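Here the structure is laid out as structure tokens; the discussion comes afterwards.
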Amino acid sequence: AASSSNSTETGNDDVISNNEDNHKEGELQTSDKASSQCNNSDNDVNVEELLPELRKELGSQVADGVTDHNLLKFLRWKPCVNRASERFRAHIAWREENPFVFDDTNKPLLISQNDELKRLLESNVVIAPEDAIANDGSAVCMVRLRFNDMKDGRTTQGVVQMGLYTMDRLLERSEAQTHGITIIHDLRDVTRENVDISIPKIMFGAIMGHFPLHIKAIYILEAPWFMKAMFKLLRTLGAFTKKVMDRTHFVNSVEEVYEVVNRDLLLEEHGGKMIYDQSEWVLKQMERERNNTMESLHNCMAGKLSS
């Protein structure tokens, strides 16, 4: 009887030991899988499978309260847990250093609660029509700097908020998450009154290294000489990475853009067929804010605020 009992206990120990070994092996396989994904092409990765590992890597004090939708933006930017977590922490750090964008309670990044943000968005400086998609699948963002009247009371921080609000909406779209964005920067009829060198410095400082966003290409249309000089200065100041500079193209004719974006998907002023009303887009975003149907990066601070 004693022998039978010892045999049973030994068998149970073996089962427990095997289960523990299998559990540890499973954890190692998950960790190894997450690490190995960094070396795979983006098309080979199911980013949703990496989501638990990303939450674990970030820790509860950072990730608790952050939606899966927002964490997936970082994994789609780079389907690698280590890289995604680094970018997420960099985003939080940038937010803490620049609270005026997302986290100013007096001027929140919400059209429904910020009249100045609404006014600036309706000035048509930065637009991102949902139907404007480049040939490579990236979402198209259009900038028309001639509408940026720095004498009408707008501030540098207000213009930056306007631009990053648009980027935040772009990052809700699958095209931007998967394929990045293509920027068409129309500088026709721009004067010095439309320009503040600190705006692109802050904007690109935010996006480069801090947002889960790929800039696939920038096409700068008909830049006057002083704007070319400003871009050279910004490059000297380190506002642009080499990768971004390599993807920046100065073009003298809008026809050169037709090779990148189907002509019909461009605005009528660029020879296309798109009729676009930014005021309608603004009203739509206000309604989404009120219905709480947005997936804004604002939520990325949820863990920090609750800790």
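Position one of the sequence shown corresponds to residue 930 (our numbering), numbered consecutively onward. From the three backbone atoms N, C-alpha and C, an ideal C-beta is built for every residue, glycine too. Keep in mind the model is a prediction, meaning the values are calculated, not measured.
Between the Cα of residue i and those of the options, spot the shortest distance and give me the residue it belongs to.
| i | options | result |
| --- | --- | --- |
| residue 986 | 998, 1111, 1018 and 973 | 1018 |
| residue 1190 | 1094, 1025, 1113 and 992 | 1113 |
| residue 1148 | 1192, 1058 and 1180 | 1180 |
| residue 1059 | 1052, 1068 and 1051 | 1068 |
| residue 1143 | 1128, 1125, 1103 and 1081 | 1103 |
| residue 1052 | 1037, 1095, 1034 and 1004 | 1095 |
| residue 1066 | 1174, 1105, 995 and 1162 | 1105 |
| residue 977 | 989, 994 and 1010 | 1010 |
| residue 1045 | 1005, 1082, 996 and 982 | 1082 |
Whole angstroms are fine: how far does the CA of residue j sit from the CA of residue i?
| i | j | result |
| --- | --- | --- |
| residue 1152 | residue 1119 | 8 angstroms |
| residue 1109 | residue 1122 | 31 angstroms |
| residue 1024 | residue 1031 | 7 angstroms |
| residue 1064 | residue 991 | 37 angstroms |
| residue 1092 | residue 1172 | 21 angstroms |
| residue 1216 | residue 1209 | 11 angstroms |
| residue 1157 | residue 1178 | 11 angstroms |
| residue 955 | residue 1061 | Only weak support is given to the placement of residue 955: the predicted model assigns it a pLDDT of 45, under 50, and the question is left unresolved by the model. |
| residue 1080 | residue 1007 | 40 angstroms |
| residue 1101 | residue 1223 | 8 angstroms |
| residue 1086 | residue 1176 | 26 angstroms |
| residue 950 | residue 984 | Its pLDDT being 47, under 50, residue 950 is placed unreliably in this model, and the value from its coordinates should be taken loosely. Rounded to the nearest angstrom, the two C-alpha atoms are 24 angstroms apart. |
| residue 1037 | residue 1000 | 22 angstroms |
| residue 1194 | residue 1225 | 26 angstroms |
| residue 981 | residue 1182 | 48 angstroms |
| residue 1076 | residue 973 | 43 angstroms |
| residue 989 | residue 1132 | 30 angstroms |
Within this structure, are the beta carbons of residue i and residue j separated by less than 9 angstroms?
| i | j | result |
| --- | --- | --- |
| residue 1107 | residue 1146 | no |
| residue 1041 | residue 1218 | yes |
| residue 1227 | residue 1115 | no |
| residue 1016 | residue 1139 | yes |
| residue 1054 | residue 1074 | yes |
| residue 1211 | residue 1047 | yes |
| residue 1137 | residue 1170 | yes |
| residue 1056 | residue 1187 | no |
Here's the rule: buried if 16 or more other CB atoms are within 10 angstroms of the residue's CB, otherwise exposed. What is residue i?
| i | result |
| --- | --- |
| residue 1028 | exposed |
| residue 1155 | exposed |
| residue 1130 | buried |
| residue 1201 | buried |
| residue 1184 | exposed |
| residue 1230 | buried |
| residue 1020 | buried |
| residue 1050 | buried |
| residue 1128 | buried |
| residue 1220 | exposed |
| residue 1199 | buried |
Legend entry - Residue ranges of each alpha helix (DSSP H) within the stretch 1151–1198, 4 or longer: 1154–1165 and 1171–1175
Inset, instruction - Report the residue ranges of all alpha helix (DSSP H) runs contained in full by the stretch 1072–1108; include only those spanning at least 4 residues, in chain order. - result: 1085–1099 and 1103–1108
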